[in-house]
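The listed protein sequences correspond, in order, to chains A and B.
Residue numbers 40 to 466, in my numbering, belong to the letters of the first sequence in order.
Residue numbers 40 to 466, in my numbering, belong to the letters of the second sequence in order.
Step one of this worksheet: look at the structure below.
Number of protein chains: 2
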Amino acid sequence: MSSETLAARRDRAFGAGAPLFYNTPLHIVRGEGVELFDVDGRRYVDMYNNVPCVGHANPHVVEAMARQQGTLNVHSRYLHEGIVAFAERLAALHGPQIESVIFSCSGTEANEVALRMARLATGKSGIVCTNATYHGNSAAIGKLTRIGDISNAKGDVRAIPFPEKLRPLVPGASEADLAEAYLARLRGAIRGLEEDGTGFAGLIVCSIFANEGLPDVPHGFMARAAEIVHAAGGLVIADEVQAGYCRTGRWWGYDVLGFTPDIVVTGKPMGNGLPLAATAASRKLVEGFRATTRYFNTFASSPLQAAVGMAVVDVIEREGLAANVATVGAFLKSALAERKGRFVSIADVRGHGLFIGVEIVKTDAARTPDADRAVEIINRLKDKGFLTSNAGAYRNVVKIRPPLVFAKSHAEEFLVAFDATMVELDG
Amino acid sequence: MSSETLAARRDRAFGAGAPLFYNTPLHIVRGEGVELFDVDGRRYVDMYNNVPCVGHANPHVVEAMARQQGTLNVHSRYLHEGIVAFAERLAALHGPQIESVIFSCSGTEANEVALRMARLATGKSGIVCTNATYHGNSAAIGKLTRIGDISNAKGDVRAIPFPEKLRPLVPGASEADLAEAYLARLRGAIRGLEEDGTGFAGLIVCSIFANEGLPDVPHGFMARAAEIVHAAGGLVIADEVQAGYCRTGRWWGYDVLGFTPDIVVTGKPMGNGLPLAATAASRKLVEGFRATTRYFNTFASSPLQAAVGMAVVDVIEREGLAANVATVGAFLKSALAERKGRFVSIADVRGHGLFIGVEIVKTDAARTPDADRAVEIINRLKDKGFLTSNAGAYRNVVKIRPPLVFAKSHAEEFLVAFDATMVELDG
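What follows is the structure in structure tokens.
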């Protein structure tokens, strides 16, 4: 089966337009740890995939999955200890404000629960999000996607500019004044929802603004934002689908940005590829939601989700992956930051732990975002055996987000390919 | 760990109010085939669970799951043959109008895709559903849930009374006239959507009206309904989450009810417990959806979904489960129908294949639905080692829906317990 034939079959079976990475898509057959292998046996270092967080084909996860599927896998309207123990363990990874968990099968489903929970608890429907975000693909959650021009926000969703220092809302302002300028937009959005009768239910953000491009956030912004939200009677929803599970070197992105959410949404890495997501909050918030909705999710809270979810946390803790992420991430980020002076198209290197963004720009005075060059870089890196992608509000950020088991040796290997790529392009 | 202690832990970890079956919940630890075992080693015959369709802990599924998770499990933006082959196989199980597939992780997600696809294809937003249905738990899909009083239907969703013969819309009417009366309601709902400017996008039904209580549908209703929908420029969405995958003794519920859908949604049994769902339609419909939405689902279309989905279809075909369902289902339905004269609280026995509903009523002249007695029956059956539930528009239908591998010997065992239960209650 040639890749061309497979691509044609895929266009019919999925319908043309199902997203594919890279100019020449990768035809993939096997993975192990941070390595992926294509149909010709070629090795790639995976620097994109956060879902297989403890490594592709992790044997502990495979074993837990097979053992549980071979023992029992059924819905949650029977008593089963495994999923209760996993909910307890997940809640205990947060502060005391998080007590109870609602499991689901995707970040979209978990964000659906979170928004509905906030709306039921407040009796209001207005949600504030940032203007270049993504929280899922359902009708309700899709309304939050990349709103862009914030004057387009209407109905029960309002967008505010995401906080950043590279292209600041107020050029030349001090960091404190800049934070205040973004907070003023939050206050304005809340006021707008109150004035038109919609009312304010809550703020939802990715704790590290991943889809926005991992901006450097003015100091103190999120802590103050949470205060403003609470003062207005709203709830703070932290979408930790990308930010959580030690991605930043700490368990949660909100620890890094310094705020305390009321509702936490987790997903992607939880099951190392098994569909598994969760919405966690105080017992009072969760019970309020349950009493009104009688929420049930066929595949969620299953013994299989429990066993696999437990195995993933086991590996993260046993192998000290938070420390690995912090160490290797700091090394790689610092090495990339050194390249900023060397290669003219690098405007900025940002991120936390093993989630790093390299901002690519044109050489004009305005340092215009250059998505085409970012795409060129990721394609050349792929040809050299390193898998990344592009992201950010302007799609011009090279996104580096490997499995948590990524080692310093992988980073060193990558830097050689990165330098070669940048020399090819920037000279 | 006593069941009482576990229940208290569960109330905290999940929040109280997470649904549980039976007056004394089942504390479950193991399953095999159609049998489940509780913490004390007690055996139960599972006559409820349709998700583990090829049997609890089916070894072929366990093997496929472990092998694929140990080889590769990654998102769908790389080329991978497994999921393309599974999409082709799934599409080929339908008629020629179904060509392409969008995979997702739950029936809710798949119905989200279906509704959005219909709305994009028609440029209209109005959806017609029945008044006692359930298609999922998201904000958009939850709007279809048990609308009940159809005068409450507003906005972009309109409900019509579900078609049935037991409590007909027009008492005493001929079957043809009764079908016509229900069709008139469909026409009225479409007209209402057109007149208020919403416009009509499509009709969504469970092909066998499972949540409505598996009613006997006036002959020809669905074929005529599909004609009316198409004449009005709308699309017919068959929710086969419960009806499909040989549940009725045929592959699809729409084969039994005699209509041809434009969009087919499948879910529950597809992965024998792995979260796996699909929305299938013509290539044109799917590509229209993809072009507008650029839909992507992190955990869906994965090599794991493919391998497990394939294994389930393999077992269904290799073990001739459609024939088993037809044979055993006909035996059980006929045996239960015989009991209708013997036990006064049984008003009706309905269903298709291994999906059978026993309608429980009071002894008054109106034969009032008796949900309390149905609940009493399912609890007594559970105490005797047989797991069922109650369902239907009035919650008064004993719902029998075992794994497809349910054998005649299980049915015979069940009938003894059923008779004993009915004698206890009806005398």
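Cβ coordinates follow ideal geometry from the N, Cα and C atoms, glycine included.
What is the residue span of the alpha helix (DSSP H) that Ser485/A lies within?
Beyond the ends of chain A as shown, which are 40 and 466, falls residue 485/A; an answer cannot be given.
Quick one, are the C-beta atoms of Pro342/B and Ile122/B less than 9 Å apart?
Their beta carbons are under 9 Å apart, which means Pro342/B touches Ile122/B by this criterion.
Kindly indicate if chain B contains any beta-carbon less than 9 Å away from that of Glu151/A.
Answer yes: the Cβ-Cβ gap between Glu151/A and chain B drops below 9 Å somewhere.
Can you find the residues in the same chain that come closer than 7 Å, C-beta to C-beta, to Tyr61/B, ignoring five residues on each side of it along the sequence?
Answer for Tyr61/B: Asn418, Lys421, listed in chain order.
Taking Cβ positions, are Ala171/A and Asn97/A nearer each other than 9 Å?
No, Cβ-Cβ distance for Ala171/A and Asn97/A is not below 9 Å.
Measure the alpha-carbon distance for Gly288/A versus Ser177/B and round it to whole angstroms.
Those two C-alpha atoms are separated by around 33 Å.
Any beta-carbon of chain A closer than 9 Å to the one on Gln25/B?
The question about residue 25/B has no answer, for chain B in this structure spans 40 to 466.
Grouping DSSP H, G and I as helix and E and B as strand, with all else coil, what is Arg381/B?
The answer is helix: DSSP assigns Arg381/B an H, G or I state.
According to the neighbour-count rule (16 or more other Cβ atoms, all chains shown, within 10 Å of its Cβ), is Arg440/A buried or exposed?
With 16 or more other Cβ atoms within 10 Å, it is buried.
What are the start and end residues of the alpha helix (DSSP H) that includes Tyr36/B?
Any question about residue 36/B goes unanswered here, given that chain B covers just 40 to 466.
Taking the Cβ atom as the reference point for each residue, do Pro442/B and Val101/B lie within a distance shorter than 9 Å?
No, the Cβ-Cβ distance between Pro442/B and Val101/B is not below 9 Å.
Identify the contact partners of Ser341/A in chain B, using a Cβ-Cβ distance below 8 Å as the criterion.
Result: Gly312.
Any heavy atom of the ligand FMN within a distance shorter than 8 Å of the CB on Asn250/A?
The ligand FMN is absent from the structure shown, which contains no ligands of any kind.
Between Pro408/A and Glu148/B, what straight-line distance do the alpha-carbon atoms span, to the nearest angstrom?
Going from the Cα of Pro408/A to the Cα of Glu148/B covers about 35 Å.
Could you check which residue in Gln344/B, Tyr83/B, Ser139/B has the C-alpha nearest to that of Ala103/B?
Residue Gln344/B is the option with its Cα nearest to Ala103/B.
So Lys438/A and Ala430/A are supposed to be a Cβ contact under 8 Å. How far apart are they, rounded?
About 4 Å separates the two Cβ atoms, so the contact holds.
Could you have a look at Phe328/A and say whether DSSP puts it in helix, strand or coil?
Here Phe328/A sits in helix by DSSP.
Ends of the alpha helix (DSSP H) at Gly231/B?
Element bounds for Gly231/B: 214-234.
Please report the distance separating the alpha-carbon of Met349/B from that of Phe125/B.
One C-alpha to the other measures close to 6 Å.
Opposite Ala277/A in the DSSP bridges: which residues?
In DSSP, Ala277/A forms a bridge with Val244/A, Val303/A.
Thinking Phe425/B and Ala456/B are a contact (beta carbons under 8 Å), I'd like their distance in whole angstroms, please.
Going by Cβ atoms, the distance from Phe425/B to Ala456/B rounds to 5 Å, so yes, they are a contact pair.
How far does the beta strand (DSSP E) with Gly165/B in it extend, from its first residue to its last?
Residues 165-169.
Whole-angstrom Cβ separation of Leu232/A and Ala220/A, contact assumed at under 8 Å?
Not quite, the Cβ-Cβ distance comes to about 20 Å (not below 8 Å), so this is no contact.
When the Cα atoms are used, what is the spatial distance from Arg49/A to Ala316/B?
Their Cα atoms are separated by approximately 18 Å.
For Pro202/B, would you say it is in contact with chain A, using Cβ-to-Cβ distances shorter than 9 Å as the test?
Not closer than 9 Å to any Cβ of chain A, the Cβ of Pro202/B fails to qualify, so no.
Please list the terminal residues of the continuous alpha helix (DSSP H) segment that includes Ala179/A.
Its alpha helix (DSSP H) spans residues 178-181.
Leaving aside the five residues before and after Ala459/A along the sequence, list all residues of the same chain whose C-beta is less than 8 Å from its C-beta, in chain order.
Lys423, listed in sequence order.
What in chain B is Cβ-close to Cys144/A, meaning under 8 Å?
The answer, in chain order, is Cys144, Ser145, Glu148, Pro314, Phe338.
Take Gly134/A and list the residues in its own chain whose beta-carbon comes closer than 7 Å to its own, dropping the five residues that flank it on each side.
Excluding residues within five positions, the ones whose Cβ falls inside 7 Å are Thr299.
Could you check whether Thr366/A and Ser384/A sit closer than 9 Å to each other, using their CB atoms as the reference points?
Cβ distance not < 9 Å, so Ser384/A and Thr366/A don't count as in contact.
With DSSP collapsed to three states, give me the class of Glu127/A.
Three-state DSSP puts Glu127/A in a helix.
Just to confirm the assignment, what range does the alpha helix (DSSP H) spanning Glu451/A have?
Residues 447-465.
Sorted by chain position, which residues of the same chain lie with C-beta nearer than 6 Å to Ile399/A's C-beta, five sequence neighbours on each side aside?
The residues are Ser384, Asp409, Arg412, Ala413, Asn435.
Count the other CB atoms, across all protein chains shown, that sit within 10 Å of the CB of Ser448/B; report buried if there are 16 or more and exposed otherwise.
Under this definition Ser448/B is an exposed residue.
Starting from the Cα of Ser246/A, find the closest Cα among Trp290/A, Phe239/A, Ala223/A and give me that residue.
Comparing Cα-Cα distances from Ser246/A to each of Trp290/A, Phe239/A, Ala223/A, the minimum goes to Trp290/A.
At a Cβ threshold of 9 Å, is Phe425/B touching chain A?
Chain A, which has no Cβ nearer than 9 Å to the Cβ of Phe425/B, makes this no.
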